[in-house]
Every structure is written in C-alpha cells, then in structure tokens.
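>
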Amino acid sequence: MRQISRHRRPQGQAQRGQATRFWGRHAVLAALANPERTVKRIWGTREALGQLDLPPVIPISYAEVTDLARLVARDAPHQGLVIEVDPLEDIYLGDLLQQEVDADSKRPLIVLDQVTDPQNIGAVLRSAAAFDAAAIITQDRHSPPESGVIARSASGALEIVPWVRVVNLSRALEEIAEAQYWRIGLMGDTDTTLGSTLDGSRVALVLGSEGDGMRHNVMEHCDVLAKLPISPRMESLNISNAAAIALYAVATAKS
C-alpha cells in the first residue's frame, strides 16, 4: 500500500471555539444533517421551525423575521432560519490523499490560489459537490474562514465537500504529485486546451484568483498549463464558472 507523507498544519483562523452563524434553509438543513458539525443554537420563525425535526439537545429560540435579520449580515436571505455552529474539524491533506489512493479513486481535486471572495468559494464548493470532487484545497493565509456567506452560496455543499487548508500551497502540490495526481493549472495565456491534457489520470485542477491569477511559484508546481476553450471575445470567466466547466470536462473525459 502506498503511504503518502503528511504535512500537518497549525491551528488556523477559523478553528474550533470560534462559532459562526449560517442562514437559509439549504445551509441550515445541511448543517443539521452533518454528524461532524456541532450546532450550538437555532433561531427561527414558528413556521420554519415547525417543519424541522430537531434533536432535543439543540437550544431553540423562536423569533420574528425582523429579529432574525439582526442576527445575520445585512439583507441576508435567512428564510426564517439561523443557526450558530462551530467550524468543522481540520482535514489533513495527507489523510485525504491516502483515502483516495486506498480507494483507487479518480475523483478530482480543486486547488484555489488566493481566491478570497466568500461567494466564489461557496460556488466552487457547490460545483465540486455536483461533480463529485474529492476536496477543495486552499492556503490558510489567502482564503476566508467558514462563514454564513460561504454556507449560503454553497447551498449545503460546505457540509459535503472536504475543505482542506494548508500552510504552503506549493508544498501541498508536491504532496499531491506524490499521490500520482496530474496537476493542471488553468489559465488563458496558453495554446494547450484542458481537454487535450486529460488522459484518465487522477487530476488536480489549479485555479488562481480572478485579479492576479496564479502566483508564479504555484504555476511552477503544475505539470501543465491549460485553458478552457472559450470564445476569444471573452477575456476570462468568473472563477466559479471556470471551476464548474473544468470539472464537467474531467467528468466527461472519465465517462
């Protein structure tokens, strides 16, 4: 059995003990259904709470819609439900890679370099869940903590897709290579298309931020740089759209 090295990381910015609030029906129901998630309290309207089968250990507070609005971000669409949760436990990259190798899995990885917008992170998680990605991987210093905005944008996927945070993204890409993943950096300034790089190997898709793109050192840790076959009239795509299209390409190449 192939053993993969495990680079551990210190506690980061969104760890245990720092509770946050989620809102919206999908995010709340997914958190309640996740046995790994600690839900500390739930607020809701009588109508919304009446539709839930809640465990008796969770403190419940009935509230009016206007009261719920004060618990969340301004204009957040809470749909009558707000919960307070602890962040999920750390997931270590080496452990996840070992699980995928042991299972002989070909599920793709999504590596995000300096993608800091919470809505984009949430949308990428949602696409990752739709196309059965093994995980998304970000760097602690260049990614946001778990939040209600991410949970809402992810529409439940935050509870489904493992989110691995690492100290050093370049070192993480080296570890990913040890696990026999083909590391594909997505960018527009290349003649190579994504489809031409897919040969059935395990794939790690590396995407940079919309503004600055991938950092040079991260780019150097990719096996190949490829582009999506979009119209030349479009300079670029939103990061979450690019991730969704790339994941679709990987899924269809495997089938």
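Position one of the sequence shown corresponds to residue 1 (the working numbering), numbered consecutively onward.
All residues carry an ideal CB built from backbone N, CA and C; glycine is no exception.
Below 8 Å on the Cβ atoms is my contact criterion, and I expect GLU175 with LEU109 to pass it. Report the Cβ-Cβ distance as a whole number of Å.
With 8 Å as the limit, GLU175 and LEU109 do not qualify as a contact, their Cβ atoms being about 11 Å apart.
> Please state if the CB of GLY148 and the CB of ALA27 are separated by a distance shorter than 9 Å.
Cβ atoms of ALA27 and GLY148: closer than 9 Å.
> Specify the secondary structure class of LYS40 as computed by DSSP and reduced to three states.
In the structure shown, LYS40 sits in a strand (DSSP, three-state: E or B).
> Taking C-beta to C-beta, are PRO60 and GLY44 nearer than 9 Å?
Position check: residue 60 holds Ile in this sequence, whereas Pro was assumed. Yes, these two residues count as a Cβ contact at 9 Å.
> Contact defined as beta carbons within less than 8 Å: I believe VAL164 pairs with LEU96. What is the distance between those atoms, to the nearest angstrom?
That belief holds up - the Cβ atoms of VAL164 and LEU96 are roughly 6 Å apart, short of 8 Å.
> Classify ARG8 as helix, strand or coil using the three-state DSSP reduction.
For ARG8, the predicted model reports a pLDDT of 46, less than 50, meaning its position is unreliable; a value from the coordinates is still stated below. Coil, per DSSP.
> Taking the beta strand (DSSP E) that THR192 falls in, what are its first and last residues?
It is not in any beta strand (DSSP E) - THR192 carries neither H nor E in the DSSP assignment.
> Considering just the uninterrupted stretch of the alpha helix (DSSP H) at GLU174, what are its terminal residues?
169-178 is the extent of the alpha helix (DSSP H) around GLU174.
> From THR197 to GLY213, what distance separates their C-alpha atoms?
Spanning the two alpha carbons is a distance of roughly 20 Å.
> Can you give me the Cβ contacts of ARG152 inside the same chain, cut-off strictly under 6 Å, excluding the 5 residues immediately before and after it?
Once the five neighbours on either side are set aside, the close Cβ partners of ARG152 are GLY24, ALA27.
> Please classify HIS221 as buried or exposed, where buried requires at least 16 other C-beta atoms within 10 Å of its C-beta.
It is buried - the Cβ of HIS221 has at least 16 other Cβ atoms within 10 Å.
> Across the region 68-88 and the region 130-137, are there enough close Cβ pairs to call them in contact, namely three or more that are closer than 8 Å?
No contact exists between the region 68-88 and the region 130-137.
> Expressed to the nearest angstrom, what Euclidean distance is found between the alpha-carbon atoms of GLN98 and LEU112?
Going from the Cα of GLN98 to the Cα of LEU112 covers about 20 Å.
> Assuming contact is defined by CB atoms lying nearer than 9 Å, are GLN139 and ALA172 in contact in what I supplied?
A contact, by the Cβ cut-off of 9 Å.
> Output the boundary residues of the alpha helix (DSSP H) element that contains GLY94.
Start and end: 93-102.
> Should ALA179 go down as buried or exposed, given a rule of 16 or more other Cβ atoms within 10 Å for buried?
Buried, since its Cβ has 16 or more Cβ neighbours within 10 Å.
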